[in-house]
Amino acid sequence: SIPGKQSVSEQLDAGGYVVSSVKTMIEKTNRISDSLISIETKDKIIDEQSFVYIPLHTEPESTLQIDNPMLTNQLELIKRISKSIPINFEIYVKEHPTIAAKGFRPLSFYKEIIELPNVKLMSPQIPVKTILSKCSCVLTVMGTTALEAITYEKPSIVFSDIEFSSIPFISKVESFDEL
Numbered sequence: 161s162i163p164g165k166q167s168v169s170e171q172l173d174a175g176g177y178v179v180s181s182v183k184t185m186i187e188k189t190n191r192i193s194d195s196l197i198s199i200e201t202k203d204k205i206i207d208e209q210s211f212v213y214i215p216l217h218t219e220p221e222s223t224l225q226i227d228n229p230m231l232t233n234q235l236e237l238i239k240r241i242s243k244s245i246p247i248n249f250e251i252y253v254k255e256h257p258t259i260a261a262k263g264f265r266p267l268s269f270y271k272e273i274i275e276l277p278n279v280k281l282m283s284p285q286i287p288v289k290t291i292l293s294k295c296s297c298v299l300t301v302m303g304t305t306a307l308e309a310i311t312y313e314k315p316s317i318v319f320s321d322i323e324f325s326s327i328p329f330i331s332k333v334e335s336f337d338e339l
């Protein structure tokens with residue numbers, strides 16, 4: 161920096177507020193991330209097991225709040241799906257990769273997921289390509305994971321009108337009875 165001139169970060173952080181707030185936010189995110197990873201996440205996929213994959217959407221997100229206001233409660237959606245799928249299937253749920261940047265959901269959200277008998281919370285570190293190569297099906301409100309699944313020749317079920325719902329391997333359902 162130029163002697164006698166304040167840097168941009170010094171100007172923005174006149175009282176140490178911005179720097180301390182960012183440090184606090186990073187520390188909080190790391191604590192939540194560590195807690196999320198430590199609560200019974202599934203680190204491995206059992207090859208012989210039949211499972212459907214549900215990738216969580218970030219929130220707030222326009223595809224949920226604006227395009228699909230009836231599907232904004234992802235926890236309720238998971239609960240309803242868990243009661244609707246065939247008994248020999250499990251559900252693997254994985255948090256959205258950008259959630260750390262936006263702020264994690266409350267730990268109670270994740271704990272409710274792992275309390276469901278046929279639902280497993282996946283470790284955020286498991287690559288999506290590993291999941292897609294082994295899952296039986298993808299269920300999403302309207303995420304791009306449905307498109308990614310096509311490259312693995314895996315069917316996807318979406319719950320809303322999307323441009324690509326007419327592509328083979330992607331089906332739109334109107335109700336949970338169709339599962």
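Start counting at 1 in the sequence shown, then tack on 160, and there's your number in the numbering used here. Virtual Cβ for every residue (Gly too), placed ideally from N, Cα, C. Quick caveat: nothing in here was measured; it's all calculated off a predicted structure.
- Around Phe249, the same chain offers Ser210, Phe211, Val212, Asn278 and Ser296 as residues with beta carbons nearer than 8 Å, after the five sequence neighbours per side are excluded.
- Take Leu339, set aside five residues on each side of it, and the residues of its chain with a beta-carbon closer than 6 Å to its own are Ser244 and Ile245, in chain order.
- Residue pairing for Pro215: DSSP places it in a beta bridge opposite Lys254.
- Closest by C-alpha distance to Ser326, out of Asp337, Leu307, Gln234 and Ile214, is Leu307.
- Contact check between the region 232-239 and the region 256-276: three or more CB pairs, one atom from each, fall below 8 Å, which counts as touching.
- Our two residues, Glu313 and Phe329, have alpha carbons roughly 7 Å apart in a direct line.
- Of all C-beta pairs linking the region 315-323 to the region 287-303, three or more are shorter than 8 Å, placing the two stretches in contact.
- In this model, Ile322 and Leu267 are separated by some 31 Å (Cα to Cα).
- Contact between Tyr252 and Ile291 is confirmed by a C-beta separation of about 7 Å, below the 8 Å threshold.
- Contact annotation: Pro284 and Lys254 have beta-carbon atoms nearer than 8 Å.
- DSSP places Val298 in the strand class (E or B) of the three-state scheme.
- Secondary structure note for Ile273: its alpha helix (DSSP H) is the uninterrupted segment Leu267 to Glu275.
- DSSP, read as helix, strand or coil, puts Val288 in helix.
- The Cβ-Cβ distance between Gln234 and His217 falls below 8 Å.
- The bridge partners DSSP lists for Leu237 come to none.
- Counting only residues of its own chain and dropping the five nearest sequence neighbours on each side, Arg265 has no CB closer than 6 Å to any other CB.
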